[in-house]
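Quick notes on the structure that follows.
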Amino acid sequence: MSTSRLQGSDIPVLYEDNHLLGVIKPVNIPSQEDASGDPDMLTLLKEDLKERYNKPGNVYLGLVHRLDRPVGGAMVFAKTSKAASRLSDAVRSRSFKKLYAAVVHGTLHRPSGRLQDALSKDSRTNTVTVVPKGTEGAKEAVLDYKVLAEQDGFSLLLIELHTGRPHQIRVQLSHLGHPLYGDQKYGSRQNKPGQQLALWSLLVSLSHPVSKEQVQLRSNPPGTYPWSLYPESLVSSAVDQHCSTS
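Every letter in the sequence shown is one number past the one before it in full-length UniProt numbering, and letter 30, counting from 1, is 30.
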């Protein structure tokens with residue numbers, strides 16, 4: 001898929017029509033405005049649309065899904081309220097496919113599997129924990145993983161996210177005993193301050209809200225460490241295989 005870049009920005013565009021805007025979110029930019037006051041994806045993209053199309057007044061852009069601030073990769077936004085509503089329905093019905101790559105500490109006991117946990121969020125500390133199923137307020141979290149490679153004490157995983165809970169991948173893998181590389185919040189014992197979280201949004205696949213055609217937004221991880229431990233083709237091939245069999 002060819003990419004262009006937003007004017008005066010480091011945000012690559014993967015897909016755009018009258019209804020959708022698909023981009024590669026850079027790491028360390030919030031998905032939406034937060035307490036930090038730092039520039040966020042939603043605001044940056046609205047400003048770009050306003051300038052590029054010379055639109056007066058407020059520009060509509062709907063946040064369909066979120067990526068944690070330290071996570072980069074494929075992300076889609078809705079350019080109309082109708083598209084936002086239909087994509088939100090797709091997220092709820094789990095027909096909105098999301099694949100991630102992650103580098104975690106250690107060797108997993110099983111080469112593939114499903115993690116199903118109950119997660120509880122503490123809004124005061126912005127942390128999420130795995131709690132016993134049936135705990136009041138807890139929400140179900142489900143993901144599938146596959147080990148693609150092991151190198152230097154780390155494992156490269158392909159992850160399909162079935163539910164979009166806050167910090168879900170990070171929390172569930174840490175609870176399994178394999179925190180993500182660079183995760184200060186859920187793996188501080190194994191990681192050092194300053195390390196970049198190794199979690200990347202590889203694929204967002206959805207039915208177009210109007211045409212119903214299948215839209216796939218893909219983005220490979222950067223070539224920096226620890227991603228550089230593995231050939232880039234390994235991740236691309238894994239995504240190709242996953243898409244052809246699902």
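Positions of the beta carbon are idealized from the N, C-alpha and C atoms, including for glycine.
Fair warning: this is a prediction, and the values are worked out from it, not measured in the lab.
- Query: Excluding five sequence neighbours on each side, which residues of the same chain lie with their C-beta closer than 6 Å to the C-beta of residue 195?
  - Reply: Within the same chain, residue 195 has close Cβ partners 182.
- Helix, strand or coil at residue 247 according to DSSP, with G and I counted as helix: Limits of the chain in this structure are 1 at one end and 246 at the other, which puts residue 247 out of reach.
- Query: To the nearest angstrom, how far is it from the Cα of residue 148 to the Cα of residue 225?
  - Reply: 17 Å
- Item | Beta-carbon contacts of residue 108 that lie in its chain and below 7 Å, excluding the five residues immediately before and after | 147, 155 and 178
- Message: Distance check for residue 168 and residue 128, CA to CA, integer angstroms please.
- Response: Approximately 8 Å between the Cα atoms of the pair.
- Message: Is residue 161 close to chain C? Criterion is C-beta to C-beta, closer than 7 Å.
- Response: Among the protein chains of the structure shown there is no chain C, as only one such chain exists.
- Query: Within this structure, are the beta carbons of residue 19 and residue 79 separated by less than 7 Å?
  - Reply: Between residue 19 and residue 79, the C-beta spacing is below 7 Å.
- Task: Could you check if residue 10 is buried or exposed, using at least 16 other CB atoms within 10 Å of its CB as the buried criterion?
- Result: With fewer than 16 other Cβ atoms within 10 Å, it is exposed.
- Under three-state DSSP, which class holds residue 1? With a pLDDT of only 45 at residue 1, under the threshold of 50, the placement of this residue in the model should not be trusted, and no figure is reported.
- Message: Pull the bridge partners of residue 287 from the DSSP assignment, please.
- Response: Not covered by the structure: residue 287. The range shown for the chain is 1 to 246.
- Message: From the DSSP secondary-structure annotation, give me the bridge partner or partners of residue 23.
- Response: For residue 23, which the question treats as bridged, DSSP gives the partners 13 and 75.
- Item | Endpoints, the beta strand (DSSP E) within which residue 144 is located | 139–151
- Name the two residues that bound the continuous alpha helix (DSSP H) containing residue 170. 168–175
- Return the chain-ordered list of same chain residues with a C-beta closer than 7 Å to the C-beta of residue 2, the five sequence neighbours on each side being excluded. Interpretation of residue 2 is limited by its pLDDT of 44, a score under 50 that renders its predicted location unreliable; no figure is taken from the coordinates.
- Is residue 160 helix, strand or coil when you go by DSSP? strand
- For residue 217, does the count of other Cβ atoms within 10 angstroms reach 16, so buried, or fall short, so exposed? buried
- Determine, using beta carbons only, whether residue 174 and residue 187 come nearer to each other than 7 Å. yes
- Taking the Cβ atom as the reference point for each residue, do residue 98 and residue 166 lie within a distance shorter than 7 Å? no
- Indicate whether residue 70 and residue 158 have their beta-carbon atoms separated by less than 7 Å. no
- According to DSSP, which residues form a beta bridge with residue 216? In the DSSP output, where bridge partners are listed per residue, residue 216 has 205.
- Where residue 118 sits in the DSSP three-state scheme: strand
- Under the three-state reduction of DSSP, which class applies to residue 8: helix, strand or coil? Per-residue confidence for residue 8 stands at a pLDDT of 49, beneath the threshold of 50, marking its modelled position as unreliable; the derived number appears in the next sentence. It is coil, neither helix nor strand.
- Please state whether DSSP places residue 246 in a helix, a strand or coil. coil
- Whole-angstrom Cβ separation of residue 83 and residue 209, contact assumed at under 8 Å? 4 Å
- Item | C-alpha distance - residue 144 paired with residue 42, whole-angstrom precision | 29 Å
- Item | Under 7 Å between C-beta atoms of residue 199 and residue 118 | no
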